[in-house]
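Before any comments, here is the structure.
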Amino acid sequence: STIIDKKEGVRLTVGTDYTGLGKVQYILAEAELPILDSEYGEGVDLTILVPFDQAGAAEKKLIEGTNGRCRIEKLDEVYFGIDDGKIILL
Numbered sequence: 001s002t003i004i005d006k007k008e009g010v011r012l013t014v015g016t017d018y019t020g021l022g023k024v025q026y027i028l029a030e031a032e033l034p035i036l037d038s039e040y041g042e043g044v045d046l047t048i049l050v051p052f053d054q055a056g057a058a059e060k061k062l063i064e065g066t067n068g069r070c071r072i073e074k075l076d077e078v079y080f081g082i083d084d085g086k087i088i089l090l
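Going by my numbering, the sequence shown opens with residue 1, and the numbers climb by one from there.
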């Protein structure tokens, strides 16, 4: 059995157009925020997981880094853990 530290987080959807995708991915990688899911259509919607205490700062970085061209929607608050580098939603 494995012991996992349970952390509180927020799932957010970050929407952008294709030209802004690279910048959003760069910001997320720099902040070490994982992408849980991605949907491609007319634009791109990324579902990300942000530790609860970093949510405000992450939103601010995304908005400033894309010059306000991304949209951010809060989906829900979740608990998560990390086991061997893999994120587990609890």
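Backbone N, C-alpha and C define an ideal beta-carbon position, used for all residues, glycine too.
* Can you tell which of V50, K23, G41 and L21 has the C-alpha that lies nearest to the C-alpha of P34? -> In the sequence shown, the residue the question calls residue 34 occupies position 34. Residue V50 is the option with its Cα nearest to P34.
* Among residues of its own chain, excluding the 5 on either side of L21, which ones have a beta-carbon nearer than 8 Å to its beta-carbon? -> In the sequence shown, counting from the first residue as 1, residue 21 sits at position 21. Closer than 8 Å at the Cβ level, and outside the excluded window around L21, lie V44.
* What residue does the alpha helix (DSSP H) around T19 start on, and which one ends it? -> What you label residue 19 is simply residue 19 of the sequence shown in a count that begins at 1. From DSSP, the alpha helix (DSSP H) with T19 extends over Y18 to E30.
* Asked: Cβ of L75 within 8 Å of Cβ of L12?
  -> One-based indexing of the sequence shown puts residue 75 at position 75. One-based indexing of the sequence shown puts residue 12 at position 12. Yes.
* Asked: Counting pairs of Cβ atoms below 8 Å between the region 83-90 and the region 59-75, do you hit three or more?
  -> no
* Beta-carbon proximity list for S38, same chain, < 6 Å, skipping 5 on both sides -> For this step, residue 38 is matched to residue 38 along the sequence shown. Hits under 6 Å: L46.
* In whole angstroms, what is the alpha-carbon distance linking T66 and D5? -> Start at 1 with the first residue of the sequence shown, and residue 66 comes out as number 66. Start at 1 with the first residue of the sequence shown, and residue 5 comes out as number 5. Whole-angstrom Cα-Cα distance: 33 Å.
* Residue burial classification, I108 (beta-carbon count within 10 angstroms, cutoff 16) -> Not covered by the structure: residue 108. The range shown for the chain is 1 to 90.
* To do: Measure the beta-carbon distance from G15 to C70 and round it to whole angstroms, keeping in mind my assumption that it falls under 8 Å.
  => For the purposes of this step, residue 15 is identified with residue 15 of the sequence shown, where counting begins at 1. For the purposes of this step, residue 70 is identified with residue 70 of the sequence shown, where counting begins at 1. About 6 Å; that satisfies the 8 Å criterion.
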